[in-house]
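K.L.:
According to our numbering, the stretch in the sequence shown is residues 274 to 411, in order.
All C-beta atoms, glycine included, are put in the ideal place defined by N, C-alpha and C.
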Amino acid sequence: MMERRQILMVRLGAMGDVIHCLPSSASLKLGIPRSHLTWVIEAHWAPLLSGNPHIDEVIAIDRRSPAGLRRAWTSIRARRYETAVDFQGLVKSAFAASVARPGRLFGFSKRTVRETAATWFYSDAVETGAEHVIDQNL
Numbered sequence: 274m275m276e277r278r279q280i281l282m283v284r285l286g287a288m289g290d291v292i293h294c295l296p297s298s299a300s301l302k303l304g305i306p307r308s309h310l311t312w313v314i315e316a317h318w319a320p321l322l323s324g325n326p327h328i329d330e331v332i333a334i335d336r337r338s339p340a341g342l343r344r345a346w347t348s349i350r351a352r353r354y355e356t357a358v359d360f361q362g363l364v365k366s367a368f369a370a371s372v373a374r375p376g377r378l379f380g381f382s383k384r385t386v387r388e389t390a391a392t393w394f395y396s397d398a399v400e401t402g403a404e405h406v407i408d409q410n411l
């Protein structure tokens, strides 16, 4: 039996930004056969993903305590991801994606990323000319 493709997506918060990433999660899940999609998000925003049929697993990061960070780190490392995508473009989100040690880590190019240093973590930087954030994410 063929193994499921492991994909990690990172968008830690905030509410509107998470909502703008939902079409991307559907696109990844439906566009990549036999995929297992895990979303890393700050614990405060995790309820936004509850019951979403395109997301197989949610890893909630509680940054308020070292124990919360350690639990998230352990959960992220528990699975071997082929691909990770940082939809946030911050050093903290790029670092969270890199913790997984994915085969490939995608993020926005220096021209579009929010924090240029985040691109240091990416194996693949994506250039987008789209104006709307949903289209940029897609």
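(1) Give me the Cα-Cα distance between Thr389 and Pro375, rounded to the nearest whole angstrom.
(2) Can you give the beta carbon distance from Ser396 to Leu378, rounded, assuming they're within the 8 Å contact cut?
(3) Measuring alpha carbon to alpha carbon, tell me which residue in Ser382, Asp335, Ser348 and Asp408 is nearest Leu285.
(4) Bridge partners for Val313 per DSSP, in chain order?
(5) What's the gap between the Cα of Ile292 and the Cα of Val358?
(6) Which partner residues does Ala357 have in the DSSP bridge list?
(7) What is the DSSP secondary structure of Ala398, reduced to helix, strand or coil?
(8) When you compare only the Cα positions, how much space is there between His317 and Ile332?
(9) Where does Ile292 sit, in a helix, a strand or coil, going by DSSP?
P.N.:
In short, the structure shows the following:
(1) On the sequence shown, residue 389 is found 116 positions in, with the first residue counted as 1. On the sequence shown, residue 375 is found 102 positions in, with the first residue counted as 1. Straight-line Cα distance between these residues: approximately 20 Å.
(2) Here residue 396 corresponds to residue number 123 of the sequence shown, with the count starting at 1. Here residue 378 corresponds to residue number 105 of the sequence shown, with the count starting at 1. Rounded, the Cβ-Cβ distance is 5 Å, consistent with contact.
(3) Within the sequence shown, the letter at position 12 stands for residue 285. Checked all of Ser382, Asp335, Ser348 and Asp408; the closest Cα to Leu285 is Asp335.
(4) Looking up residue 313 in the sequence shown gives position 40. BP columns for Val313 point to Val283 and Ile332.
(5) Translated into the one-based positions of the sequence shown, residue 292 becomes position 19. Translated into the one-based positions of the sequence shown, residue 358 becomes position 85. Approximately 16 Å between the Cα atoms of the pair.
(6) The residue you call residue 357 lines up with position 84 of the sequence shown. Paired residue(s): Leu281 and Leu378.
(7) In the sequence shown, the residue the question calls residue 398 occupies position 125. If DSSP states are grouped into helix, strand and coil, Ala398 belongs with the strands.
(8) What you label residue 317 is simply residue 44 of the sequence shown in a count that begins at 1. What you label residue 332 is simply residue 59 of the sequence shown in a count that begins at 1. If I take the Cα positions, the gap works out to 12 Å.
(9) Here residue 292 refers to the residue found at position 19 when the sequence shown is read from its first residue. Helix.
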